[in-house]
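S.K.: Counting in the numbering used here, the sequence shown runs from 17 upward without gaps.
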Amino acid sequence: MVGGGFGGLWTVRALKSTNVDITLIDRCNHHLFQPLLYQVATAGLAAPSIAAPLRHILRGQANVSVLMGEVETIDLATHRLHLGDEAFEYDYLVLATGATHAYFGHDEWAKHVLGLKTLDDALAIRARILTAFEEAELESDPQRRAAWLTFAIIGAGPTGVELAGTLAEIARHTLAPEFRRSDPRLARVLLIEAGERVLANLPPDLSVKAAAQLVRLGVTVRTGQAVTGIGADHIELGEERIPTKTTLWAAGVAASPLGRMLGASLDRAGRVLVQPDLSLPGHPEVLVIGDLASVAAGGQPVPGIAPAAKQMGTHAAQCIGASLVGRPRAVFRYRDYGSLATIGRRAAVVAMHGYRLSGTFAWCFWLAAHIFFLIGFRNRLVVLIDWAWAYFSYERSARIISGSTQSAPNRRAM
Ligand SMILES: Cc1cc2nc3c(=O)[nH]c(=O)nc-3n(C[C@H](O)[C@H](O)[C@H](O)COP(=O)(O)OP(=O)(O)OC[C@H]3O[C@@H](n4cnc5c(N)ncnc54)[C@H](O)[C@@H]3O)c2cc1C
17 MVGGGFGGLW TVRALKSTNV DITLIDRCNH HLFQPLLYQV ATAGLAAPSI AAPLRHILRG
77 QANVSVLMGE VETIDLATHR LHLGDEAFEY DYLVLATGAT HAYFGHDEWA KHVLGLKTLD
137 DALAIRARIL TAFEEAELES DPQRRAAWLT FAIIGAGPTG VELAGTLAEI ARHTLAPEFR
197 RSDPRLARVL LIEAGERVLA NLPPDLSVKA AAQLVRLGVT VRTGQAVTGI GADHIELGEE
257 RIPTKTTLWA AGVAASPLGR MLGASLDRAG RVLVQPDLSL PGHPEVLVIG DLASVAAGGQ
317 PVPGIAPAAK QMGTHAAQCI GASLVGRPRA VFRYRDYGSL ATIGRRAAVV AMHGYRLSGT
377 FAWCFWLAAH IFFLIGFRNR LVVLIDWAWA YFSYERSARI ISGSTQSAPN RRAM
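1. Beta strand (DSSP E) containing H189: first to last residue?
2. Straight-line CA distance for A404 to V56?
3. With 16 other CB atoms within 10 Å as the buried threshold, where does L222 fall?
4. Which whole-angstrom value describes the C-beta separation of A431 and I305, a residue pair presumed to lie in contact below a C-beta threshold of 8 Å?
5. Is it true that the CB of L183 sits closer than 7 Å to the CB of V205?
6. Give me the Cβ distance between V399 and L111, rounded to the nearest whole Å; I'm assuming they're in contact under 8 Å.
7. Residues in its own chain within less than 6 Å of G245 by CB, not counting five upstream and five downstream?
8. Use the C-beta contact count for K225: other C-beta atoms within 10 angstroms, 16 or more gives buried, fewer gives exposed.
9. For ligand 1, is there any heavy atom lying closer than 6 Å to the beta carbon of T175?
10. Hey, could you find the ends of the alpha helix (DSSP H) S339 is sitting in?
11. In chain order, what residues of the same chain have a beta carbon less than 7 Å from the beta carbon of F348, not counting five sequence neighbours either side?
12. Express the C-alpha separation of G275 and E185 in angstroms, rounding to a whole number.
13. Please specify which runs of the alpha helix (DSSP H), each continuous and at least 4 residues long, are wholly inside the segment 39-88, giving them in chain order.
14. Mind listing, in chain order, the continuous alpha helix (DSSP H) runs of no fewer than 4 residues lying wholly within the segment 381-413?
15. Heavy atom of ligand 1 less than 6 Å from the Cβ of V112, yes or no?
16. Report yes if the CB atom of Y119 is closer than 7 Å to the CB atom of G268, and no otherwise.
17. Just verifying my parser: in three-state terms, what is the DSSP assignment at D199?
18. Excluding five sequence neighbours on each side, which residues of the same chain lie with their C-beta closer than 6 Å to the C-beta of K32?
19. Identify, in the order they occur along the chain, each residue of the same chain with its Cβ nearer than 6 Å to the Cβ of A59, setting aside the five sequence neighbours on each side.
20. Using a Cβ-Cβ cut-off of 7 Å (strictly less than) and excluding sequence neighbours within five positions of D137, which residues of its own chain qualify?
21. Leaving aside the five residues before and after H299 along the sequence, list all residues of the same chain whose C-beta is less than 7 Å from its C-beta, in chain order.
22. Please report the distance separating the alpha-carbon of G85 from that of V237.
23. Please state whether DSSP places M368 in a helix, a strand or coil.
24. Could you please give the first and the last residue of the uninterrupted alpha helix (DSSP H) stretch that includes T147?
25. Mark S65 as exposed unless 16 or more other C-beta atoms lie within 10 angstroms of its C-beta, in which case mark it buried.
26. On a CA-only basis, which of L53, A62 and E88 is nearest D42? Give me that one, please.
27. In angstroms with no decimal places, state the Cα-to-Cα distance between H72 and I38.
28. Can you tell me the Cα-Cα spacing of Y410 and Y108, whole angstroms?
29. Taking the alpha carbon of L340 as the reference point, which residue from A30, N35 and G19 has its own alpha carbon closest?
30. Let me make sure I understand the geometry here. Which of C335, Y353 and D352 has the alpha-carbon closest to that of R6?
31. Can you list, in chain order, the residues of its chain with a C-beta nearer than 8 Å to that of E153? Leave out the 5 residues immediately preceding and following it.
32. How long is the line joining the alpha carbons of Y350 and V318, rounded to whole angstroms?
33. Over the uninterrupted alpha helix (DSSP H) stretch that includes A226, give me the two end residues.
34. Mapping DSSP to helix, strand and coil, what is R427?
35. Look up Q241 in the DSSP assignment and say whether it is helix, strand or coil.
36. Cβ atoms of L202 and I169: under 7 Å apart, would you say?
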């Protein structure tokens, strides 16, 4: 099993009562609850609240060994994986290595933007945001101060929307009373989307409501405008050049590069085109799942979201179980439980089983769902307490900028 995210963990758990020896390999030592990463990036939660050591999660499952290491190559012919100098043989291989960032052919933008996929990314964004407010406080030139207080977020999917809404709230409520020379309430949070609407995965009427809630929180929403250039201190939208020291990337997604090693056909996002049972064409012993897999169910592409990865994980385990006893494998069927996205305090949208909600009720539903799905009782309790505290006090509990996470661009020369 390669990857201990949603797909990998659900595969391993579903194989608990079977007579198989599992080696779970992940380059990180933890399982990460990505849906709450933006909370770490915006100083609402500390990193350990949304992650848990894989070794600890699986301590009660005797048929699993956990190894921390990065799989570098896969030899399909000899059934071997390579991690540095070590090689591991497999009878069945499940690949669930997720996704990474894509910059629409502009890899040179990567050095000027921060994306959000890992805990390290979240800590870097948090440091960059908090440092920008500190730099604005130091700065006496109004134009340079405005650039520090301008935050551009590229991509208005769920992650972009969450970042934008929360950032606007922090500026207006959390930080405003604490700064003396600059006024954090003047911060410009720009949410830029090339498509015609925010949250394009949701029905159009909810996109309209989400955009209205963003505007109410103080976000400037610019849809139908593709970013054409990004530098260290600006972004470009066609002819328009906007000075900003902080650009966050929430737009393109590309599948993990491991998919390219399999020699199979890939879709435009680099995801592996798998068979209906999720196996690699020509290799029934290799299953590819989660964000790394491209599969259609009921004529629709299965989305790259956590419930889909979990369902694929359970299905991969069932396929292995079926093969072990010589039964035919079932076709993967995706159950769509709906979509939800939060925007900020008492602002969210939910589309589920034909029902549509927005505002406070949707926000309460979103909170409950995320607490419920978070792994670990301690994490649930800590998050619940942190959120309750933040709700009543407007404070963010994780605002320390430490040396190791400091990420301020273009600091002035002394
Ligand atoms: C910021 C953010 C917010 C999101 N919000 C939501 C949401 O609100 N709701 C929702 O349903 N979905 C959300 N998603 C999407 C969801 O998290 C993914 O669809 C899901 O995590 C995919 O599961 P996976 O197992 O395929 O990959 P992941 O969960 O990403 O796990 C991949 C694992 O593979 C490991 N790995 C990668 N490469 C290697 C390698 N070469 N060797 C060893 N290990 C490797 C990684 O360390 C990681 O642990 C969000 C994603 C992000 C990034």
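Virtual Cβ for every residue (Gly too), placed ideally from N, Cα, C. All of these numbers come straight from a predicted model, not from anything done at the bench.
M.R.: In terms of the structure at hand:
1. Working through the sequence shown from its first residue, we reach residue 189 at position 173. H189 -> no beta strand (DSSP E), and no H or E assigned at all.
2. For the purposes of this step, residue 404 is identified with residue 388 of the sequence shown, where counting begins at 1. For the purposes of this step, residue 56 is identified with residue 40 of the sequence shown, where counting begins at 1. Each residue's alpha carbon lies about 16 Å from the other.
3. Here residue 222 refers to the residue found at position 206 of the sequence shown. L222 should be labelled buried.
4. Given a span of 17 to 430 for the chain in the structure shown, any question on residue 431 remains unanswerable.
5. In the sequence shown, counting from the first residue as 1, residue 205 sits at position 189. In the sequence shown, counting from the first residue as 1, residue 183 sits at position 167. Taking a C-beta distance under 7 Å as the contact criterion, V205 and L183 qualify as a contact pair.
6. For the purposes of this step, residue 399 is taken as residue 383 along the sequence shown, with counting starting at 1. For the purposes of this step, residue 111 is taken as residue 95 along the sequence shown, with counting starting at 1. The Cβ separation is near 30 Å, so there is no contact.
7. The residue you call residue 245 lines up with position 229 of the sequence shown. Correct list, in chain order: E252.
8. In the sequence shown, residue 225 corresponds to position 209, counting from 1. Buried, since its Cβ has 16 or more Cβ neighbours within 10 Å.
9. Along the sequence shown, one-based indexing puts residue 175 at 159. Within the cutoff, so yes.
10. The residue labelled residue 339 in the question sits at position 323 within the sequence shown. Run containing S339: A322 to L340, per the alpha helix (DSSP H) assignment.
11. One-based indexing of the sequence shown puts residue 348 at position 332. These residues qualify, in order along the chain: P292, D293, L294, V311, A313, M328 and H331.
12. For the purposes of this step, residue 185 is taken as the residue at position 169 of the sequence shown. For the purposes of this step, residue 275 is taken as the residue at position 259 of the sequence shown. E185 and G275 have their C-alpha atoms roughly 39 Å apart.
13. Segments of the alpha helix (DSSP H) lying fully in the segment 39-88: 53-57 and 70-73.
14. With a minimum length of 4 residues, the unbroken runs of alpha helix (DSSP H) contained wholly in the segment 381-413 fall at 393-409.
15. For the purposes of this step, residue 112 is identified with residue 96 of the sequence shown, where counting begins at 1. Looking at the sequence provided, one finds Ala at residue 112 rather than Val. Yes; taking the cut-off as 6 Å, the Cβ of A112 has a heavy atom of ligand 1 nearer than that.
16. Numbered from 1 along the sequence shown, position 103 holds the residue referred to as residue 119. Numbered from 1 along the sequence shown, position 252 holds the residue referred to as residue 268. Yes, they are a contact pair.
17. By one-based count along the sequence shown, residue 199 stands at place 183. Shown here, D199 sits in coil according to DSSP, grouped into three states, outside any helix or strand.
18. Within the sequence shown, numbered from 1, the residue matching residue 32 stands at position 16. So the list reads Q77, once near-sequence residues are dropped.
19. For the purposes of this step, residue 59 is taken as the residue at position 43 of the sequence shown. Only R142, R412, A414 and R415 meet the Cβ criterion.
20. As a working mapping, residue 137 is identified with position 121 in the sequence shown. L130 and G131, listed in sequence order.
21. For the purposes of this step, residue 299 is taken as the residue at position 283 of the sequence shown. Hits under 7 Å: L92.
22. Here residue 85 is taken as the residue at index 69 of the sequence shown, counted from 1. Here residue 237 is taken as the residue at index 221 of the sequence shown, counted from 1. Going from the Cα of G85 to the Cα of V237 covers about 41 Å.
23. Here residue 368 refers to the residue found at position 352 of the sequence shown. M368 falls in the strand class under three-state DSSP.
24. The count along the sequence shown starts at 1 and reaches residue 147 at position 131. Per DSSP, the unbroken alpha helix (DSSP H) holding T147 starts and ends at L135 to L154.
25. The residue you call residue 65 lines up with position 49 of the sequence shown. The residue in question, S65, is buried, as its Cβ has 16 or more Cβ neighbours within 10 Å.
26. For the purposes of this step, residue 42 is taken as residue 26 along the sequence shown, with counting starting at 1. Distance from the Cα of D42 is smallest, within the candidate group L53, A62 and E88, for E88.
27. In the sequence shown, the residue the question calls residue 72 occupies position 56. In the sequence shown, the residue the question calls residue 38 occupies position 22. Approximately 16 Å, taken between the alpha carbons.
28. Translated into positions along the sequence shown, residue 410 becomes position 394. Translated into positions along the sequence shown, residue 108 becomes position 92. A direct Cα-to-Cα measurement between Y410 and Y108 gives close to 50 Å.
29. As a working mapping, residue 340 is identified with position 324 in the sequence shown. Looking at the Cα atoms, N35 is the closest of the given residues.
30. Any property of residue 6 remains undetermined from this structure, which presents the chain solely from 17 to 430.
31. As a working mapping, residue 153 is identified with position 137 in the sequence shown. Same-chain partners within the cutoff: F195, R196, R197 and S198.
32. Position 334 of the sequence shown, counted from the first residue, corresponds to residue 350. Position 302 of the sequence shown, counted from the first residue, corresponds to residue 318. Going from the Cα of Y350 to the Cα of V318 covers about 7 Å.
33. Position 210 of the sequence shown holds residue 226. P220 to L233 is the extent of the alpha helix (DSSP H) around A226.
34. Here residue 427 refers to the residue found at position 411 when the sequence shown is read from its first residue. With a pLDDT of 44 at R427, under the threshold of 50, the modelled position of that residue is not reliable, and the figure given next carries that caveat. It is coil, neither helix nor strand.
35. Translated into the one-based positions of the sequence shown, residue 241 becomes position 225. DSSP places Q241 in coil when its eight states are reduced to three.
36. As a first step, residue 169 is located in the sequence shown; it is residue number 153 there, counting from the start. As a first step, residue 202 is located in the sequence shown; it is residue number 186 there, counting from the start. The criterion of a C-beta distance shorter than 7 Å is not satisfied by I169 and L202.
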